[in-house]
Structures are given as structure tokens and as C-alpha cells.
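Report on the following structure.
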Amino acid sequence: MSAPAIFASLLDFRRLDQAATGDSFLHRLDARAKVLATLAFIVCVMSFGRYEVAGLLPYFAFPILACAVARVPLALVARQAALVLPVALLIGLPNPFFDREALLQLGGTVISGGWVSMVSIALRALLAALASIVLVALTGFPQICASLERLGMPKALAVQLLFLYRYLGVLGEEAQRMNTAYELRSNGAALTLGHFGSLAGRLLSRTWDRAERIYLAMCARGFTGDFVTGRGSRFGLADALFLAAVVTASVLLRTQGFVHWLGAVALGGQP
Amino acid sequence: MGVVSAGALAWCSRRLRQRRDDRRVPLMGVLGAFLFAAQMINFSIPGTGSSGHLGGGLLLAILLGPEAAFLVVASVLIVQALFFADGGLLALGCNVFNLGFLPAFVGYPVYRLVAGQSPAPARATAAALVAAIVSLQLGAIAVVAETVASGISALPLETFALFMLPIHLAIGIVEGLVTAAIVSSVHATRPHILASAPHTGASVAAPAAGILAAALLLGCVGAWFASSAPDGLEWSIARTAAAADLSQRASPAHESLARIQQATAVLPDYGFAGESEAASRPDDQRLGTSLAGLVGGCLTLGVACAVGIALRFRPGRR
């Protein structure tokens, strides 16, 4: 990714953050239900065979509907999720070269298995990315960390994640400013390795000092060594129903040939 | 590999909590953000015209000690996977091991071995170079091992390794130079930072080696349930696949492993690049790509979009 693209994704990160402060039915659900539902969704999507394309399509309904119900901008989520496509396509790239066995015939064109599996990889990557970003947009990172901790993640890691999340924006913007400053002073020359070393070294020194100030600020506010990572929220009936619904739908879509039935009916044949 | 990484994380977390060094907590968090931000800045690699960015595992280990560094790198990878769709959730276990565990628990002891306490700049540079090369070569080997052990790839081991190792040698050199550059810059401006870093050298080497061996073994076994094509392989895969003939050769070992996997795996069809069940499940394949299937899929999607639009523009609080 180019520098502007990376910094643009930082801005999207902030917007995702904001989306999580919304107030809809989905926002109000217990974070654990949402985390587990996302997990079930991803597991089902990943469990398809390598040539599966059609069966994956209905799964896009989940993020679409979730964004619609929660009033989260779908474009924002889709933009973030689409970042995964270049990597996924690259991983799938060898497939059309090696899997030339014809698999599908559409009219007069024969499509080989290699292309199908490449598309399948891309779709699955996209679905997994959409799922995780929708989760973040609906739940907010601190809540996700809290729920993961209640589901068993070690506390030191949870605290680390929360701090990282809190200061990501701050340091990202500082790095962006340094990058811009360098570009303005370098007359178009690319950043060399040596200069990056000093640049990063300066950023590191400032970061270290900042950490000192943060620690002193925490002590001044009564920090005694223990962290509270989130309010307890109760796992209620609505949460259980939501989780059950998502898991059931995901599993049914995976195991029943719903799409083929629908398509066959639409094409006028027998189901 | 997810299991291995998770176990290592739990162990490190416990060790860190036992230390009860509260000052380190915000420091680790902020250094994680620093790593994230520093990785965003690309620099040009002399002589090649391509650009690279900092990896950072070794640097963090020098500054924080291995356990904390491992935790910080893991957190950065987790956030990248969740927020930035970068690296993929499924490759997370492998990435945490390759990019976090290896530099912290193998690379760093090597660094300490070569550099000793408070090294002169030249010696520190040499040490960083050696350590980075070692940890990246091991990382490359680990990736090859993980890919092969997962059974998803018919890429021949030798050719794959032949491409991975030289590339990662070059990456290791760059990483070592960048790490050394940053360390020397910090040494010039704030030497106390380096002086306050925990010096856990030789005492970590022996358990690290043991853990590494056990982890690689576990990884090969555990890879039945985890792993997709790991990160950073695209170039190697494309080149290797181009060099080799990739018709599905089912060797006896592969077949028996596949049988065991079918019996024990929760997700028999798991895999990004897919398993080789092409011969055994022809119906699924045809179902998956039949025209009816595609029509049905598009119809479902269309209905979902329509419902979504209707919901989106329903009256109510915005």
C-alpha cells in the first residue's frame, strides 16, 4: 500500500470507531454473542470446498443486513474489507495456471477449475474481512477485548490491545506528519534506509517520553496496578436468540443446498 | 499454529504479570502503536529500487525483552487482522509465531550473544544483522514447514524452500540494517532507553530452543486444524508454482494423512487453497459451480440487498 492509502485507512479506522458508538438493536447486544456469532460465521464460510462460489454468495447477506439494521455505512465497511482482496487474489493467482480442468460451462464459454477456486478464495477472504469489520463497527474494540477476556484471553494481552487501540491514532498521525515533513523537505527523493532509521529513532524517543507521561498521569489518577477492562454486561435472552439465529442460519446455508434449489426453481426446472 | 501461538501468549502474559512492572504496561502499549505507525512508512532499499518497511520484532525485543516484545507484536498483528483486513484472521496463528515468537525468542538471544551488554555501534549493527538474518531464515523455514504440513499445497518442498530462503535472506539483511539504524539513532539521543532494557541473554537461549523445537513439532501436528497459505508467500508461491508441474499427485503419505484428516478434522473441507478432495467429492464440486447454484446465489444476494436498502432508508433516528 502506498503511504497515502495507508493513512487513509487510518482515517477509516477512526470512522469505524465512531460507528461503534451507535445505538441500535445490534449495538446493544452483548459483545460475547456478537464475537461468537462472527466466529461461527467465519468457520462456516471457511469450511466450504475449494470450488464453492455460489454457496458463498448468500453469506454476503449477513454483513449487508447487519449494516442496514445498525445504520452503519456499508461503504465504509466494504472499503476496509476490500483491502484484503489484493492479498487474496495474489494467493489464488497460481490456481488458474495449474487447474485447467474444465468445471463450468456458461453458454459457449468453458471456465476452468482454477479460475473458480481463485474466485472462491477471494470471496471467502472478503467475507471473513467483512465479518470482522462489521463486528468492530457494531461492538467497538474495547468491548471486543473485554468479551474476549471473559472468554479466556489473558489479561495482559487484553490490556495491551486496549492501549494499542487507544494510541494507534495518535502515533499514526504523528508518523503521517513526519512523513509529510520529509516529503516536503526532500524534493521528491525517496526515503532512504538510513534516514528512516533516524526518523523512526526520533519517533521512538518521543514515544518513550510519552509513555513516561502516560504512566505518571495514570499514577496521578490513582492507578495502583490493576486494570478494569470493561463493565460486566449480562448475557440475556436477546443475545442468546441472536447467537442461535446466526449460527443456525450459517450452518443451514452451509449444509443445505438452498441456493441450488432456488436457482433451479428460478430457471424453471424442478427443485 | 493458532494453538501454539495462543499457548505462547498465555505463558508470556503470566510471566509478565509476575514481574509486576507497572511502568512497562503503558510503554508496551505505546510501543505497539509506534510499531504500527513505523510500519506504515516505507523506505527505499538501496540497490533494488523496491521499498520495504520495518518488521520490528527484534527491535522490540531489544527494547523490552522477549516476553513483552512477543506480546506487543501479537497485539499489533491482531489489530491489523481485525481492523485493516491485513494478513488475514486465519493466518494469524502462523504470523504471530513467525513474526513475533521467532524474533523475540530466537533472534534476540542471538543478538545478545553477539552484542553483549552495552555494545559499541559497530558491534550492535553486526549483532542486529546476524540476529535478523537468523530469525528471518527460521521464519522462512517455518512458513515452508507450516504450508507443507497443512497438506494444502502440492508445491514441491525443495523448490518452495529454494525461493523462500534467498528472499528472506535479503529481507533479513534489510531488517537487520534498519533495526541497527534505529538502535544507533536512539543510542545517540537517548542512551538511557537502551540501558534500561532488560538484559535477558543466555538465560533465555536454552528454553527458547526447547520451545522452538516443541513448537515446530506441535505446529506440524496441529496444522491439521489451522493455517491457510501464510502471509508473504505470494511471490514464492507464484514462482514455485510456475516452476513445477502442479498436477495433483497423491503420494501415499498424503493419502493417509488425508484419510486421518477427514476422520478427525472438524472442518474436512477447510482451506484457502483447498484440499485435494476433488476426486472424492465430485458432486459437491458440480453443485458448487452449477449454473443453478449461481443463479440461486445471485437471487439470494439480490433479495438481501433489497431488504438492506429498505431497512437503511426506513424512517427513524439517523
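Read top to bottom, the protein sequences are chains H and A.
Under this note's numbering, the first residue of the first sequence carries the number 3, and numbering increases by one thereafter.
Under this note's numbering, the first residue of the second sequence carries the number 93, and numbering increases by one thereafter.
Glycine included, every Cβ here is placed at the ideal spot set by N, Cα and C.
Who are the near neighbours of residue i in its chain, counting only those whose CB is closer than 8 Å to its CB and skipping five residues on each side?
i, result
"residue 327/A", "Confidence at residue 327/A is low in this model, with a pLDDT of 46, below 50, so the placement of that residue is unreliable and no value is reported for it."
"residue 135/A", "143, 144, 145 and 270"
"residue 73/H", "24 and 26"
"residue 334/A", "Its pLDDT being 47, under 50, residue 334/A is placed unreliably by the model, and the measurement read from it follows with that caveat. Once the five neighbours on either side are set aside, residue 334/A has no close Cβ partner at all."
"residue 87/H", "124, 127 and 128"
"residue 257/A", "229, 232 and 233"
"residue 265/H", "56"
"residue 78/H", "14, 17, 18, 21 and 139"
"residue 201/H", "180, 184 and 193"
"residue 391/A", "none"
"residue 186/H", "none"
Going by CA-CA distance only, name the one from the options that's closest to residue i.
i, options, result
"residue 9/H", "173/H, 246/H and 132/H", "173/H"
"residue 233/A", "249/A, 275/A, 98/A and 397/A", "249/A"
"residue 217/A", "196/H, 148/H and 137/H", "196/H"
"residue 421/A", "396/A, 391/A and 280/A", "Chain A is shown only over 93 to 410; residue 421/A falls outside these bounds and no answer can be derived."
"residue 125/A", "249/H, 166/H, 102/H and 76/H", "166/H"
"residue 268/A", "223/A, 283/A and 201/A", "223/A"
"residue 75/H", "203/H, 256/H and 21/H", "21/H"
"residue 116/A", "264/H, 265/H and 209/H", "209/H"
"residue 2/H", "11/H, 12/H and 50/H", "The question about residue 2/H has no answer here: the residues shown for chain H are numbered 3 through 273."
"residue 218/H", "103/A, 106/A, 114/A and 202/A", "114/A"
"residue 102/A", "253/H, 254/H, 251/H and 154/H", "154/H"
"residue 202/A", "184/A, 153/A and 390/A", "153/A"
"residue 261/A", "175/A, 393/A, 164/A and 227/A", "227/A"
"residue 200/A", "219/A, 183/A, 397/A and 278/A", "219/A"
"residue 183/A", "285/A, 275/A, 96/A and 395/A", "96/A"
"residue 198/A", "175/A, 161/A, 263/A and 172/A", "161/A"
"residue 172/A", "221/H, 254/H and 12/H", "12/H"
"residue 235/H", "15/H, 171/H and 34/H", "34/H"
"residue 105/A", "157/A, 163/A, 386/A and 138/A", "163/A"
"residue 185/A", "138/A, 100/A and 394/A", "100/A"
"residue 174/A", "102/H, 40/H and 222/H", "40/H"
"residue 285/A", "199/H, 90/H and 207/H", "207/H"
"residue 1/H", "98/A, 138/A and 108/A", "In this structure chain H extends from 3 to 273, so residue 1/H is not present and cannot be described."
Spatial neighbours of residue i within its chain, please: CB distance less than 6 Å, with the 5 preceding and 5 following residues excluded, ordered by chain position.
i, result
"residue 44/H", "130 and 133"
"residue 138/H", "18"
"residue 404/A", "none"
"residue 255/H", "60"
"residue 370/A", "Note that residue 370/A has pLDDT 38, beneath the 50 cutoff, so the model's placement of it is unreliable and the number below is only indicative. Nothing listed; no residue qualifies."
"residue 112/H", "104"
Return the chain-ordered list of same chain residues with a C-beta closer than 7 Å to the C-beta of residue i, the five sequence neighbours on each side being excluded.
i, result
"residue 53/H", "105, 115, 118, 119 and 122"
"residue 29/H", "72 and 140"
"residue 162/H", "none"
"residue 42/H", "248, 249 and 252"
"residue 265/A", "221 and 225"
"residue 220/H", "none"
"residue 193/H", "184"
"residue 36/H", "137, 140 and 141"
"residue 274/A", "151"
If we cut at 7 Å on Cβ distances, does residue i have a partner in chain D?
i, result
"residue 261/H", "Of the chains in the structure shown, none is chain D; the protein chains are H and A."
Is residue i near the ligand PLP, in the sense that its beta carbon is under 6 Å from a heavy atom of that ligand?
i, result
"residue 20/H", "This structure lacks the ligand PLP; in fact it carries no ligand of any kind."
Within the chosen definition, does the segment 44–57 of chain H reach the segment 78–92 of chain H through at least 3 CB pairs nearer than 8 Å? no
If the cut-off is 7 Å on Cβ atoms, which residues from the segment 134–145 of chain A count as contacting chain H, listed in chain order? 134, 135, 136, 137 and 138
Cβ contact (3+ pairs, closer than 8 Å) linking the segment 167–178 of chain A and the segment 120–132 of chain A: yes
Taking Cβ-Cβ distances below 8 Å as the criterion, which residues of the segment 178–209 of chain H are in contact with chain A? 178, 180, 181, 192, 193, 194, 195, 196, 197, 198, 199, 200, 201, 202, 203, 204, 205, 206, 207 and 209
Just checking, does the segment 113–130 of chain A make contact with the segment 189–208 of chain A on the three C-beta pairs under 8 Å criterion? no
Which residues of the segment 257–271 of chain A have a Cβ closer than 8 Å to any Cβ of chain H? Give them in chain order. 266, 269 and 270
Threshold first: 4 residues or longer. Then list the alpha helix (DSSP H) segments lying entirely within the segment 105–170 of chain A, N to C. 116–132 and 149–156
With three or more beta-carbon pairs closer than 8 Å as the criterion, would you say the segment 147–162 of chain A touches the segment 132–149 of chain H? no
Per the contact definition of three or more C-beta pairs closer than 8 Å, is the segment 234–250 of chain H in contact with the segment 178–186 of chain H? no
For the segment 224–231 of chain A against the segment 193–206 of chain A, do three or more pairs of beta-carbon atoms, one drawn from each stretch, fall closer than 8 Å, so that the two count as touching? yes
Would you mind listing the alpha helix (DSSP H) stretches within the segment 18–82 of chain H that are 4+ residues and don't spill past its ends, in chain order? 27–30, 33–48 and 63–72
Residues within the segment 37–62 of chain H neighbouring chain A, beta-carbon criterion of under 8 Å: 44, 45, 48, 49, 50, 51, 52, 53, 54, 55, 56, 57, 58, 59, 60 and 62
Could you tell me which whole alpha helix (DSSP H) segments of length 4 or greater appear in the segment 146–228 of chain H? 157–188 and 195–222
Residues, ordered as in the chain, of the segment 155–174 of chain H that lie near chain A by beta-carbon distance below 8 Å: 156, 157, 158, 159, 161, 162, 163, 164, 165, 166, 167, 168, 169, 170, 172, 173 and 174
What residue ranges within the segment 200–261 of chain A form continuous alpha helix (DSSP H) runs of no fewer than 4 residues, ordered along the chain? 200–207 and 213–242
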